[in-house]
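Numbering-wise, my numbering comes out as the position in the sequence shown, counting from 1, plus 1191. Heads up, the thing below is written out as structure tokens.
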Amino acid sequence: MKIENPNITLADEARNGVKEEVRSGFLDWLFEFNVTGDDGELYALGGSILSLALEKIDLATLCMAKGTGSARQLKNSIYKITQFPGGCMNKFYRNPQGTLKIEKREHSVLVTCGEQYKVECFDDYSWHIMVDTLDGEYKADLWHRAYGYPLWYGRETPSYLTQHSITYGYNTAGDVEGEFTYMGKKVKVKGTGQRERYVAVDSSAAELGGWEDWGYITFNEIHSSMYDMRLGMKDFAIYDIENKKYYPEGKMEITHEDWAFMRELDGFVPMTYNIKIETEGGIYQVKAHVGNARTWGVTYKVPDNPVAVLIFNKVEGTFTDNEGNVRTLTGGRGTMSVRQWHAYPNILPRELYSDEVLTGEKFETL
């Protein structure tokens, strides 16, 4: 979405409501990071503060995934099945409404939700995230530093996902550094990630059009955030760091390939993403491979509307300008959160994806 002034301000970071009539509004401060540790491992670190007006709770979530896996072909079947290490730590803390605190300072906004989660948002586009499970299992001290301008969902004027689903806020990709301690092991990390500052009114998963992609891709030269409601709204923002160019409008196409069944999600996920975005400055193309995935949500269990975070372990990209010059992009990273109206496909005979050896008559795939 193109707006007159795309700068992030402290007022955006502290925003806690909307003008519209609210039935089931919510707001969040969320992060999803793809980082490499000083131990050589790939980690996906995530968390959020989520205030739910209808449920009257302020929720803090913390999560971590480690390593990479792959998909394998099942014998005597047309289907593949994922073999991911998945998430190794998922925590959520339900607090009564009013636990969320927003403290405005001279050059920052400090947001807290109980003792487990606090984030300080600075006026130089950086976030300092400090989280702690308080039981000795996990704590992290992380910095997210963004470049240029974000993907805006609305500001003075709202963004409409549907006629009644109204959103304000932004997503932005950036560099990540810091450290975490898990089960007594301290790991220093460096990579990239996306953060979200969001206010919404009356969202409905049934109106997603079957599939939703929300995530980011970063390279050393270009950072991008994107949102694709499969049969609805499509939004993105590309910031060319090398040339200080901002592209918030154009045509985006995301295609999914090489589907595999993910048992934890009880549905299929794509193992390969092909992304093409046409902007006024040129064409941005990305091919990303999924190396790990975990379920996501306020319970971390398979919901009626399945949600997963797909973690990319290999990302390639190019940017072709209007004169035909091709820039090969380096250092690719990213994650993609996917939300489905229902598991796809939502009804499958177990023998199509089970490792069990069956005897006698069985369903033959075509």
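For glycine and all other residues, C-beta sits at the position ideal for the given N, C-alpha and C. Owing to the predicted nature of the structure, the values given are computational and were not obtained by experimental measurement.
Per-residue burial, residue i [other beta carbons within 10 Å of its own, 16 or more giving buried]
i	result
proline 1341	buried
glutamate 1552	At glutamate 1552, the pLDDT of 39 sits below 50, so the modelled position is not reliable; the number obtained from the coordinates is stated separately. Flag for glutamate 1552 reads exposed.
methionine 1417	buried
aspartate 1230	exposed
aspartate 1419	buried
aspartate 1315	exposed
threonine 1470	buried
methionine 1374	exposed
glutamine 1288	exposed
arginine 1386	buried
arginine 1558	An answer regarding residue 1558 cannot be provided, because it is not within the stretch 1192 to 1557 covered by the chain.
histidine 1298	exposed
lysine 1282	buried
glutamate 1555	Residue placement at glutamate 1555 is poorly supported in this model, since its pLDDT is 36, which falls under 50; the coordinates still yield a value, given next. The residue in question, glutamate 1555, is exposed, as its Cβ has fewer than 16 Cβ neighbours within 10 Å.
valine 1322	buried
threonine 1200	exposed
asparagine 1196	exposed
glutamate 1204	buried
leucine 1557	Caution is warranted here: a pLDDT of 30 is assigned to leucine 1557, below 50, making its placement in the model unreliable, and the coordinate value is therefore given only provisionally. Label assigned to leucine 1557: exposed.
threonine 1348	exposed
valine 1517	exposed
DSSP beta-bridge partners of residue i
i	result
glutamine 1307	Answer is none; glutamine 1307 lacks a bridge partner.
phenylalanine 1459	Phe1452
tyrosine 1437	Tyr1430
isoleucine 1502	Asn1483 and Thr1526
glycine 1228	Val1380
threonine 1363	Arg1386
lysine 1266	Answer by DSSP bridge pairing: none, since lysine 1266 is not bridged.
phenylalanine 1371	Ala1331 and Val1378
arginine 1518	Phe1510
threonine 1470	Gly1473
glutamine 1274	Ser1261
cysteine 1254	Gly1237 and Asn1281
isoleucine 1194	Answer is none; isoleucine 1194 lacks a bridge partner.
tyrosine 1316	In DSSP, tyrosine 1316 forms no bridge with anything.
glutamine 1531	Trp1402
glycine 1562	The requested residue 1562 does not occur in the structure, where the chain is confined to residues 1192 to 1557.
alanine 1391	Phe1217 and Thr1358
proline 1287	Ile1248
arginine 1336	Ser1317 and Asp1366
histidine 1298	Partner(s): none; histidine 1298 has no beta bridge.
Residue i vs residue j beta-carbon contact at 8 Å
i	j	result
arginine 1524	glycine 1423	no
phenylalanine 1275	asparagine 1483	yes
tryptophan 1405	valine 1367	no
threonine 1530	valine 1498	The question names threonine, but residue 1530 is arginine in the sequence shown. Result yes, Cβ atoms of arginine 1530 and valine 1498 sit closer than 8 Å.
leucine 1253	threonine 1324	yes
lysine 1271	glutamine 1264	yes
tryptophan 1402	arginine 1421	yes
aspartate 1506	valine 1477	Note that residue 1506 is valine in the sequence shown, not aspartate. Cβ atoms of valine 1506 and valine 1477: closer than 8 Å.
phenylalanine 1371	threonine 1521	no
tyrosine 1359	methionine 1192	no
phenylalanine 1222	isoleucine 1320	yes
arginine 1285	leucine 1245	no
valine 1481	isoleucine 1468	no
lysine 1379	glycine 1228	yes
glycine 1278	alanine 1331	no
serine 1415	alanine 1364	yes
arginine 1336	tryptophan 1220	no
tyrosine 1329	methionine 1280	yes
Selected residue, minimal CA-CA separation from residue i, among the options
i	options	result
tyrosine 1430	Asn1198, Tyr1338 and Asp1203	Tyr1338
glutamate 1444	Tyr1475, Met1453, Asp1249 and Val1310	Tyr1475
methionine 1527	Asn1267, Glu1294, Trp1220 and Asn1504	Asn1504
serine 1268	Cys1304, Thr1363, Phe1452 and Phe1222	Phe1452
tyrosine 1361	Val1378, Thr1409 and Ala1428	Ala1428
threonine 1446	Ile1502, Glu1433, Val1460 and Asn1465	Asn1465
glutamate 1448	Val1460, Val1517, Pro1439 and Tyr1437	Val1460
lysine 1436	Lys1376, Asp1512, Lys1425 and Thr1463	Asp1512
lysine 1442	Asp1426, Leu1456 and Thr1259	Asp1426
arginine 1296	Cys1312, Thr1290 and Cys1304	Cys1312
threonine 1519	Thr1259, Ile1413 and Ile1194	Ile1413
glycine 1178	Asn1434, Thr1486 and Thr1463	Given a span of 1192 to 1557 for the chain in the structure shown, any question on residue 1178 remains unanswerable.
phenylalanine 1568	Ile1432, Leu1233, Leu1301 and Leu1291	Absent from the structure is residue 1568, since the part of the chain shown begins at 1192 and ends at 1557.
glutamate 1232	Gly1508, Leu1456, Thr1259 and Arg1206	Thr1259
tryptophan 1487	Val1517, Glu1328, Ile1248 and Met1255	Met1255
isoleucine 1194	Leu1301, Ile1293, Tyr1438 and Ala1391	Tyr1438
serine 1350	Val1390, Asp1203 and Met1280	Val1390
glutamate 1294	Val1226, Ala1202 and Glu1328	Ala1202
lysine 1247	Gly1508, Glu1440, Gly1515 and Leu1291	Leu1291
aspartate 1457	Asn1198, Arg1206, Gly1515 and Thr1273	Thr1273
Heavy atom of the ligand COA within 7 Å of residue i beta-carbon
i	result
threonine 1303	Within the structure as shown, the ligand COA is missing, as the structure has no ligands at all.
(message) Between the stretch 1298-1309 and the stretch 1234-1251, can you find at least three pairs of beta-carbon atoms closer than 8 Å?
(response) Yes, they touch.
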